[in-house]
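Following: one structure in structure tokens, then a few remarks.
In UniProt numbering, the protein residues as written are 1 to 471.
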């Protein structure tokens with residue numbers, strides 16, 4: 001995050017020295033105006049740290065400190081005092097000053113003390129971020145990778161994590177685009193910086209520009225003080241622009257400029273804020289079609305899609321469902337406080353056959369609902385929504401298990417279709433055999449007429465666990 005520092009010191013040479021020494025890629029220094037307006041300026045500037053010489057401002061200085069401490073995001077206040085009296089320093093500290101320094105110290109020592117206060121402010125901001133979101137960061141390993149489609153996808157993700165290039169995440173609603181963005185950030189060199197998320201579709205258009213780029217005091221009615229935008233807040237880290245396809249055209253031009261120059265001008269302002277930020281955008285729309293229709297800028301699309309990742313929908317990686325069910329069951333079991341051991345074999349089979357139009361988000365909702373409704377240690381068909389009881393979704397008969405949609409048939413080759421039908425037949429057969437033997441693999445292998453090792457391999461590929469059949 002960019003640290004904003006306001007400086008108001010009577011000694012102009014010391015003021016220039018500190019402004020120069022403190023200025024950095026992560027620190028923006030602003031020199032305040034005349035003494036009579038210092039507190040008013042400090043109040044409306046949105047600074048993280050304010051360095052004020054007591055000889056510069058109109059007394060009483062204690063009143064100004066109290067005003068700053070009453071702000072919702074009160075800044076770190078550093079007072080440079082003309083007296084060496086410990087009693088007077090203690091009085092200012094009691095009034096709310098965070099740091100009191102004697103003006104007679106060397107310039108180097110004053111700079112070192114102020115720089116130490118800046119580092120404390122950084123740590124304070126970092127602690128607040130951790131306290132708000134929890135210490136558990138998303139990980140790439142959160143994504144189940146039993147299917148070949150996800151294994152290939154995650155290999156691509158691992159390749160691009162260390163870079164700073166923009167990423168465009170595409171995929172259907174509910175596949176986990178924001179979770180992936182957070183995981184990429186958490187495992188990248190930028191993990192020590194902030195992760196800022198903005199949903200373009202959820203933000204009113206008249207507020208979106210201010211939300212993204214910030215605004216100066218007086219930029220519009222109600223802009224009473226400086227406000228940081230999401231890009232400035234994300235300095236040193238990652239900004240996630242969700243539903244980027246919903247961004248208004250006039251703001252797309254400004255976003256393109258930010259991506260090209262990595263600097264932003266707040267609404268109503270003249271000063272440029274330089275940025276160090278990685279941009280990850282996401283959409284469930286076809287942006288190429290939007291470009292053709294004129295609702296999305298072609299040059300912005302090319303700039304965002306330097307690295308494009310498309311998350312496979314859940315219906316194309318059903319081998320992942322059993323492992324995902326176990327993981328989410330454990331998660332919600334502890335969250336809700338229910339002693340649930342898992343799903344029954346028919347219920348798990350129904351979950352695996354369903355097409356999941358809502359993807360992972362829908363699966364999580366179904367599991368959470370089932371745990372809330374379940375009164376037994378094992379979740380059965382009764383706890384699943386009605387959609388799993390109609391149209392043969394959960395019936396489990398062989399012909400219904402092998403049915404394929406016409407569109408699905410025409411989108412793949414004959415060998416791919418043959419393999420999927422064989423997998424479905426094999427799953428249905430093995431589920432019946434394992435249910436009959438209550439999960440005894442050697443006995444099931446004898447019935448199936450194959451070696452037990454071959455049965456184990458098929459079970460692993462199809463996401464079947466012997467423990468699920470022992471009940």
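Glycine is no exception: its CB is placed at the ideal position from the N, C-alpha and C atoms.
Quick one: grab the DSSP three-state call for residue i.
i, result
"residue 50", "strand"
"residue 472", "Because the chain spans 1 through 471 in this model, residue 472 falls outside it and cannot be assessed."
"residue 8", "strand"
"residue 454", "helix"
"residue 461", "helix"
"residue 484", "Residue 484 is absent from the model: the chain starts at 1 and stops at 471."
"residue 425", "helix"
"residue 261", "helix"
"residue 340", "coil"
"residue 121", "helix"
"residue 2", "coil"
"residue 379", "strand"
"residue 39", "helix"
"residue 417", "helix"
"residue 105", "coil"
"residue 433", "helix"
"residue 398", "Here residue 398 scores only 44 on pLDDT, less than 50, and its place in the model is too uncertain to base an answer on."
"residue 135", "Residue placement at residue 135 is flagged as unreliable, the pLDDT there being 47, under the threshold of 50; a coordinate-derived value is accordingly withheld."
"residue 467", "helix"
"residue 143", "coil"
Check the DSSP bridge columns for residue i and list the partner residues they point to.
i, result
"residue 197", "240"
"residue 253", "Per DSSP, none; premise fails for residue 253."
"residue 387", "Beta-bridge pairing links residue 387 to no other residue."
"residue 76", "49"
"residue 227", "215"
"residue 267", "215"
"residue 282", "169"
Whole-angstrom Cβ separation of residue i and residue j, contact assumed at under 8 Å?
i, j, result
"residue 198", "residue 230", "5 Å"
"residue 184", "residue 280", "7 Å"
"residue 211", "residue 203", "6 Å"
"residue 312", "residue 143", "That belief does not hold up - the Cβ atoms of residue 312 and residue 143 are roughly 10 Å apart, past 8 Å."
"residue 244", "residue 283", "5 Å"
"residue 259", "residue 166", "6 Å"
"residue 227", "residue 46", "6 Å"
Span of the alpha helix (DSSP H) holding residue i?
i, result
"residue 232", "230 to 233"
"residue 362", "359 to 373"
"residue 345", "345 to 353"
"residue 442", "441 to 448"
"residue 69", "61 to 69"
If you measure from the CB of residue i, is any heavy atom of the ligand NAP nearer than 7 Å?
i, result
"residue 26", "What this structure holds is no ligand at all, so the ligand NAP is not there to describe."
**OP:** Entirely within the segment 284 to 318 and at least 4 residues each: give me those alpha helix (DSSP H) ranges in chain order.
**Re:** 287 to 293 and 298 to 304
**OP:** Could I get the ranges of all uninterrupted alpha helix (DSSP H) runs contained in the segment 154 to 219, with 4 residues as the minimum, in chain order?
**Re:** 177 to 186 and 205 to 213
Original post:
Hey, which unbroken runs of the beta strand (DSSP E) at 3 residues or more fall wholly within the segment 78 to 103?
Top reply: 99 to 102
Original post:
Fully enclosed by the segment 13 to 37, which beta strand (DSSP E) runs are 3 residues long or longer?
Top reply: 27 to 31
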